[in-house]
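Protein chains: 2
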Amino acid sequence: MRQDTRLDEIDRKILIELSANARVPFAELGRRVGLSPSAAIERVRQLESDGLLHGYHAEIDLKALGYSITAFIRLTCDGTRYRPFLKFIQTLDQVVECHHLTGGDAFLLRVVLSSTAELEQLIEKLLPYGMPTTSIVLSTPLQRRQDAHLLTKR
Amino acid sequence: MRQDTRLDEIDRKILIELSANARVPFAELGRRVGLSPSAAIERVRQLESDGLLHGYHAEIDLKALGYSITAFIRLTCDGTRYRPFLKFIQTLDQVVECHHLTGGDAFLLRVVLSSTAELEQLIEKLLPYGMPTTSIVLSTPLQRRQDAHLLTKR
DNA sequence: GTTGAAACGGCCAGACA
DNA sequence: TGTCTGGCCGTTTCAAC
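Which chain is which? The protein sequence lines are A and B, in order.
Numbering-wise, the working numbering puts 60 at position 60 of the first sequence, and it's gapless, one number per residue.
Numbering-wise, the working numbering puts 1117 at position 117 of the second sequence, and it's gapless, one number per residue.
What follows is the structure, given as structure tokens:
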């Protein structure tokens, strides 16, 4: 896990390419960044062991699978319910993200469900841990997957 | 883009495998799900053209790249500022997600930055569009990338 | 769906600067 | 150290079934 070692231009290109298409063959990747296949593989292995590349994941369309509702639930829970709450949400399939936020022991959950009825059930389950504030996602006008701009600029 | 065509067991396994490791060779994928290489590829191509598989992306550790701060910014903007706001956030590199939420023209932004100073600058830029409420992410106790449970259960 | 053959890519060892 | 070359083996692709 390097922290301060600067990336060179080739590393950045590799990250951008793999971010956009994780299945690109290493030989093709090498061609795009101006490296031989083995050198390209070497770079990628280095980026992986440095902790910059964490894995390669297919993007699955949950909407097409029937999970038509995405919602954010904000919930404040006091110190005594903190640990039990973290254990509990691990057991909830609908919770795909949980962030601990600044501001009064607040948690933000991103949840995915197939109906508003399921959302209501989930909210009821959360009630023992705090007062949830729920917002359903109407649309997502911006969803960046390629972190190209975070890599190229600055 | 099929909506209702049910997935069979093999399709589900393929989605789970590619979700966990998008770089697995199709021949190996076929072995894991009990299919010949060409049949496995055929399945994947079908899932892609059905819109269930959207792409394959490397997971890049933004923290290791110096983006130490992730924050959520909630912002309410009225109807007249709606369109200009959407245009404006496209130009902000730090904004990696924007969701339109239920409840009073609210937007939720996920932003990634390298310092609190940068966060302050960003908030100031957003002020003309509405009153932002900012929460910094302290930790992320749950971040599911494999949607295995969403595919297997129910 | 499968099989089989040819082209291609992944990966290891060794040489080079 | 980082890169290139060559060779082996697994993978991809495409045709025919």
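Glycine included, each C-beta is placed from N, C-alpha and C at the ideal position.
What residues from chain B crowd round residue i, counting only those whose CB sits closer than 8 Å?
i, result
"Gly103/A", "Ser1135"
"Tyr67/A", "Leu1150"
Give the interface partners of residue i over in chain A, defined as CB-CB distance under 9 Å, in chain order.
i, result
"Pro1141/B", "Leu86, Ile89, Gln90, Cys98, His99, His100 and Phe107"
Going by CA-CA distance only, name the one from the options that's closest to residue i.
i, options, result
"Arg145/A", "Leu1127/B, Arg1110/B, Arg1043/B and Leu1052/B", "Arg1110/B"
"Leu1075/B", "Ala1117/B, His1099/B, Ser1019/B and Ala1027/B", "His1099/B"
"Phe1085/B", "Ser1049/B, Leu1047/B, Ala1040/B and Leu1127/B", "Leu1127/B"
"Ile1073/B", "Leu1142/B, Ser1139/B, Ile1123/B and Gln1046/B", "Ile1123/B"
"Lys1063/B", "Ser1115/B, Thr1134/B and Glu1009/B", "Ser1115/B"
What's the C-alpha gap between residue i and residue j?
i, j, result
"Val1095/B", "Arg1081/B", "18 Å"
"His1057/B", "Ile16/A", "10 Å"
"Thr1070/B", "Ile1136/B", "6 Å"
"Arg12/A", "Gln121/A", "45 Å"
"Thr1152/B", "Arg32/A", "38 Å"
"Pro1141/B", "Arg1043/B", "35 Å"
"Glu48/A", "Leu18/A", "12 Å"
"Phe88/A", "Lys125/A", "10 Å"
"Met131/A", "Gly103/A", "15 Å"
"Ile10/A", "Ala1117/B", "29 Å"
"Leu1139/B", "Gly34/A", "For clarity, residue 1139/B is Ser in the given sequence; the question names Leu instead. Between Ser1139/B and Gly34/A, the C-alpha separation is close to 38 Å."
"Gly55/A", "Ile1014/B", "17 Å"
"Ser36/A", "Pro1037/B", "27 Å"
"Arg83/A", "Thr1133/B", "26 Å"
"Ile41/A", "Pro1025/B", "16 Å"
Answer yes or no: do residue i and residue j have a C-beta to C-beta separation smaller than 9 Å?
i, j, result
"Tyr1129/B", "Leu150/A", "no"
"Ala20/A", "Ala148/A", "yes"
"Glu59/A", "Leu1092/B", "no"
"Asp61/A", "Asp78/A", "no"
"Leu108/A", "Leu101/A", "yes"
"Leu1007/B", "Leu65/A", "yes"
"Gly1051/B", "Ala1039/B", "no"
"Arg23/A", "Arg1023/B", "yes"
"Glu97/A", "Gln1090/B", "no"
So which residues of chain A does residue i contact, with C-beta pairs closer than 8 Å?
i, result
"Glu1059/B", "Leu53, His54, Gly55, Tyr56 and His57"
"Leu1015/B", "Ala58 and Ile60"
How would you list, in chain order, the residues of chain B whose beta-carbon sits under 9 Å from the beta-carbon of residue i?
i, result
"Arg83/A", "The contacting residues do not exist; Arg83/A stays about 10 Å from chain B at best."
"Val111/A", "Residues of chain B passing the Cβ test: none, with the nearest at roughly 11 Å."
Where the stretch 1118-1137 of chain B meets chain A: residues whose CB sits under 8 Å from a CB there: Ser1135, Ile1136 and Val1137
Scan the stretch 1090-1101 of chain B for residues whose Cβ lies nearer than 8 Å to a Cβ of chain A and list them as they occur along the chain. Gln1090, Asp1093, Val1095, Val1096, Glu1097, Cys1098, His1099, His1100 and Leu1101
Name the residues in the stretch 17-34 of chain A whose C-beta lies less than 8 Å from a C-beta of chain B; which are they? Leu18, Ser19, Ala20, Asn21, Ala22 and Arg23
Could you name the residues of the stretch 1033-1057 of chain B whose beta carbon sits closer than 8 Å to any beta carbon of chain A, in the order they occur along the chain? Asp1050, Gly1051, Leu1052, Leu1053, His1054, Gly1055, Tyr1056 and His1057
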